[in-house]
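Asks:
Chains as they are written, first to last, in the working numbering: chain A, 11 to 313; chain B, 639 to 900.
1) Select from the segment 107 to 129 of chain A all residues with a C-beta closer than 8 Å to any C-beta belonging to chain B, and list them in chain order.
2) In chain order, what residues of the segment 758 to 771 of chain B put their CB closer than 7 Å to some CB of chain A?
3) I'd like the span of the beta strand (DSSP E) that includes residue 92 of chain A, first residue to last.
4) When the Cα atoms are used, what is the spatial distance from residue 304 of chain A to residue 298 of chain A?
5) Residue 763 of chain B to residue 846 of chain B, Cα distance in whole Å?
6) Output the distance between the C-alpha atoms of residue 204 of chain A and residue 301 of chain A, rounded to the nearest integer angstrom.
7) Got a sec: does the ligand SAH put a non-hydrogen atom nearer than 7 Å to the Cβ of residue 66 of chain A?
8) Within 10 Å of its beta-carbon, does residue 197 of chain A have 16 or more other beta-carbons around it, so buried, or fewer, so exposed?
9) Is residue 226 of chain A helix, strand or coil when you go by DSSP?
10) Can you check which of these residues, A/87, A/40, A/38 and A/15, is closest to residue 57 of chain A by C-alpha distance?
11) Would you call the segment 788 to 799 of chain B in contact with the segment 823 to 832 of chain B, where contact means no fewer than 3 C-beta pairs closer than 8 Å?
12) I'd like the span of the alpha helix (DSSP H) that includes residue 710 of chain B, first residue to last.
13) Any C-beta of chain A sitting closer than 8 Å to the C-beta of residue 653 of chain B?
14) Anything in chain B within Cβ reach of residue 267 of chain A, meaning under 9 Å, just list it in chain order.
15) Beta-carbon separation of residue 182 of chain A and residue 209 of chain A under 8 Å?
16) With respect to the beta strand (DSSP E) encompassing residue 870 of chain B, which residues constitute its N-terminal and C-terminal limits?
17) In the DSSP output, what is residue 217 of chain A paired with across the bridge?
18) Are the segment 82 to 98 of chain A and the segment 744 to 763 of chain B in contact at 8 Å, needing three or more beta carbon pairs?
19) For a test of the three-state rule: what should DSSP assign to residue 677 of chain B, helix, strand or coil?
20) Any beta-carbon of chain B closer than 8 Å to the one on residue 23 of chain A?
21) Compare the C-beta of residue 64 of chain A with all C-beta atoms of chain B and state if any pair is closer than 8 Å.
22) Is DSSP giving residue 31 of chain A helix, strand or coil here?
23) For the putative contact between residue 163 of chain A and residue 73 of chain A, defined by C-beta atoms under 8 Å, what is the C-beta separation to the nearest angstrom?
24) Note down, in chain order, each residue of its chain lying with its Cβ closer than 7 Å to the Cβ of residue 105 of chain A, except the 5 sequence neighbours on either side.
25) One question on the structure: do residue 246 of chain A and residue 253 of chain A come within less than 8 Å of each other, judged by their Cβ atoms?
26) Just list the alpha helix (DSSP H) runs in the segment 45 to 77 of chain A, keeping only unbroken ones of 4 residues or longer that don't cross its boundaries, in chain order.
27) Hey, does residue 645 of chain B have any beta-carbon neighbour from chain A nearer than 8 Å?
28) Does the contact criterion of 3 or more C-beta pairs under 8 Å hold for the segment 90 to 110 of chain A versus the segment 45 to 59 of chain A?
29) Whose C-beta lies closer than 8 Å to the C-beta of residue 283 of chain A among residues of the same chain, with five residues either side of it excluded?
30) Output the residue ranges of the beta strand (DSSP E) runs that lie fully inside the segment 138 to 216 of chain A and measure 3 residues or longer, sorted by chain position.
31) Nearest to residue 169 of chain A by alpha carbon, out of A/184, A/227 and A/143?
32) Counting only the same chain and skipping the five closest in sequence on each side, list residues whose C-beta sits under 7 Å from that of residue 807 of chain B.
33) Leaving aside the five residues before and after residue 100 of chain A along the sequence, list all residues of the same chain whose C-beta is less than 7 Å from its C-beta, in chain order.
34) Using a Cβ-Cβ distance cut-off of 8 Å, determine whether residue 135 of chain A contacts chain B.
Structure below.
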């Protein structure tokens with residue numbers, strides 16, 4: 011089956027500023043693709059190009075096998091989206107905002123609106139004016155609008171923005187459910203790395219308009235650095251002991267770190283050495299570099 | 639056009655829930671009320687003074703309180719105020735999508751962008767028609783209440799036809815306002831444009847070039863001396879149509895192809 015999203019050498023400049031350059035993405039169907047980047051990295055520009063909202067300076071975009079034309083044509087019946095911060099007609103209620111979306115989406119089923127309201131937990135606010143909603147509920151309204159027509163492909167720009175921790179978990183579960191049960195493809199941009207780490211099956215990292223890396227979550231697991239963290243009551247003595255035993259121990263703040271394979275594979279040996287030399291460990295744990303560390307390493311610590 | 643009526647429904651809902659609908663309706667009532675008051679004062683200045691409507695006895699010798707004068711003032715007022723009022727409506731219908739940042743929700747849907755623009759223009763036309771009818775019906779009521787002489791079914795019919803034509807010619811200038819509301823992403827540019835063209839129309843009138851300036855065309859339908867205005871010249875209609883087509887094409891082209899980067 012052809013990919014859900016395919017861009018080829020996508021570029022876009024605003025005057026002298028190159029917002030996106032030569033971005034070639036490939037998002038397979040059923041994936042949750044996390045599109046990572048710092049603010050201003052080119053995430054929203056890429057998303058706008060995917061949705062035909064801006065004309066690329068160069069390159070092409072295909073969604074669900076259909077090229078996105080310069081006149082806004084695209085497979086929009088099968089695509090749900092939320093770009094940047096969510097917006098709504100402030101003097102209209104949540105229900106009316108969704109009714110407008112339902113009609114523009116050409117959804118005949120009148121039950122789609124109440125279903126979307128229920129799905130996003132907006133029941134209490136259904137008849138409130140959108141202008142009075144909190145940022146989190148406005149975000150839920152945006153997500154409800156994106157999901158109204160049960161799209162095959164969901165393109166979300168920072169979906170966790172403004173949501174409280176419970177809301178973040180709820181949306182994460184919803185997106186996971188939709189991909190698992192309905193086979194929906196999700197493309198989500200984010201700068202919240204933990205969110206992407208927990209949800210995405212594939213990750214693309216964009217930095218200064220360039221796609222630095224695209225990798226599966228499993229590949230990321232393999233690429234992440236591992237280290238053995240050791241804590242003792244006497245760090246200097248422990249460092250000396252381990253150095254004498256042939257390990258390259260690095261002291262950082264209140265811990266010792268060992269990166270060598272023979273240390274990572276046999277932490278019990280390290281524990282034995284330290285106990286025998288009278289500096290028993292108070293903590294001994296193999297930790298894996300998190301996505302944040304990996305991202306910063308890749309982008310040169312630009313955060 | 640596929641999706642036109644749902645899009646029109648959406649536009650109508652936005653208008654119904656807005657304060658602009660009440661505001662423009664209120665603004666439209668001012669003209670016939672002022673006109674009626676004007677007739678009331680001219681008809682009996684002493685009574686108007688005793689009622690506190692005027693401070694000094696009005697000395698208006700040129701004007702007479704009758705139906706022809708009443709309609710002349712109403713039509714002239716509609717030709718001038720209509721340009722601003724209709725521009726206000728158009729600026730809101732198109733500009734609000736940018737000021738509320740909702741334009742992006744209209745771009746990637748199965749309803750084509752052209753359909754949405756057409757629905758917006760259709761709503762503006764209906765809105766303008768409603769306001770025109772309100773001005774005329776309220777005008778008839780005011781004239782009847784003031785009890786001015788000189789009315790006839792023929793005069794009413796003719797004045798109604800002229801008012802409709804004035805509104806139509808003014809409406810045909812609105813696509814330019816729509817374009818500036820879209821390209822300017824808000825209200826400032828379209829309203830500035832409306833004021834500019836209104837002022838330019840006055841200058842063109844003074845210079846004697848009004849017939850060639852489309853924004854001056856509505857005023858060509860109103861006789862300044864109280865007599866019947868002649869038919870609008872064919873070349874004036876042509877320049878109006880050209881301006882309408884250029885404005886419409888520019889608006890559609892902008893919605894179809896411009897970067898919506900905000």
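Backbone N, C-alpha and C fix where the C-beta goes; we use that ideal spot for every residue, glycine too.
Replies: A quick look at the data gives this:
1) Per Cβ criterion, the list reads 109, 110, 111, 113, 114, 115 and 116.
2) Residues passing the 7 Å Cβ filter: none.
3) From DSSP, the beta strand (DSSP E) with residue 92 of chain A extends over 89 to 92.
4) Going from the Cα of residue 304 of chain A to the Cα of residue 298 of chain A covers about 10 Å.
5) Looking at the two C-alpha atoms, the distance is approximately 30 Å.
6) Distance between the alpha carbons of residue 204 of chain A and residue 301 of chain A is about 7 Å.
7) The ligand SAH is not part of the structure shown, which contains no ligands of any sort.
8) Buried, because 16 or more other Cβ atoms sit within 10 Å of the Cβ of residue 197 of chain A.
9) When secondary structure is reduced to three states using DSSP, residue 226 of chain A falls in the strand class.
10) Checking every option, the nearest Cα to that of residue 57 of chain A belongs to A/15.
11) Taking 8 Å as the limit for Cβ pairs, the verdict is that the segment 823 to 832 of chain B does not touch the segment 788 to 799 of chain B.
12) Residues 705 to 737.
13) Not closer than 8 Å to any Cβ of chain A, the Cβ of residue 653 of chain B fails to qualify, so no.
14) Those do not exist, as residue 267 of chain A stays about 45 Å from chain B at its closest Cβ, beyond 9 Å.
15) It is a contact, given that the beta carbons lie within the stated cut-off.
16) First-last for residue 870 of chain B: undefined, no H or E at that position.
17) Looking at the DSSP output, residue 217 of chain A bridges to A/220.
18) Yes, the segment 82 to 98 of chain A touches the segment 744 to 763 of chain B.
19) Note: residue 677 of chain B maps to helix in three-state DSSP.
20) Cβ-Cβ to chain B under 8 Å: no for residue 23 of chain A.
21) At a cut-off of 8 Å between beta-carbon atoms, residue 64 of chain A makes contact with chain B.
22) Strand at residue 31 of chain A.
23) Contact between residue 163 of chain A and residue 73 of chain A holds, with the beta-carbon distance rounding to 6 Å and staying under 8 Å.
24) Around residue 105 of chain A, the same chain offers 123, 127, 136 and 137 as residues with beta carbons nearer than 7 Å, after the five sequence neighbours per side are excluded.
25) Going by C-beta atoms, residue 246 of chain A is not nearer than 8 Å to residue 253 of chain A.
26) Correct list: 53 to 60.
27) Yes, because at least one Cβ of chain A sits closer than 8 Å to the Cβ of residue 645 of chain B.
28) Yes, they touch.
29) Sequence-distant partners of residue 283 of chain A (beyond 5 residues in either direction) whose C-beta falls short of 8 Å from its own C-beta, in its chain, are 251, 252 and 255.
30) Runs found: 163 to 167 and 195 to 200.
31) Nearest option by C-alpha distance: A/184.
32) Here residue 807 of chain B has 855, 856 and 878 as same chain residues with Cβ atoms under 7 Å from its own Cβ, once five neighbours each way along the sequence are excluded.
33) Take residue 100 of chain A, set aside five residues on each side of it, and the residues of its chain with a beta-carbon closer than 7 Å to its own are 139, 140 and 141, in chain order.
34) Judged by the 8 Å Cβ criterion, residue 135 of chain A is not in contact with chain B.
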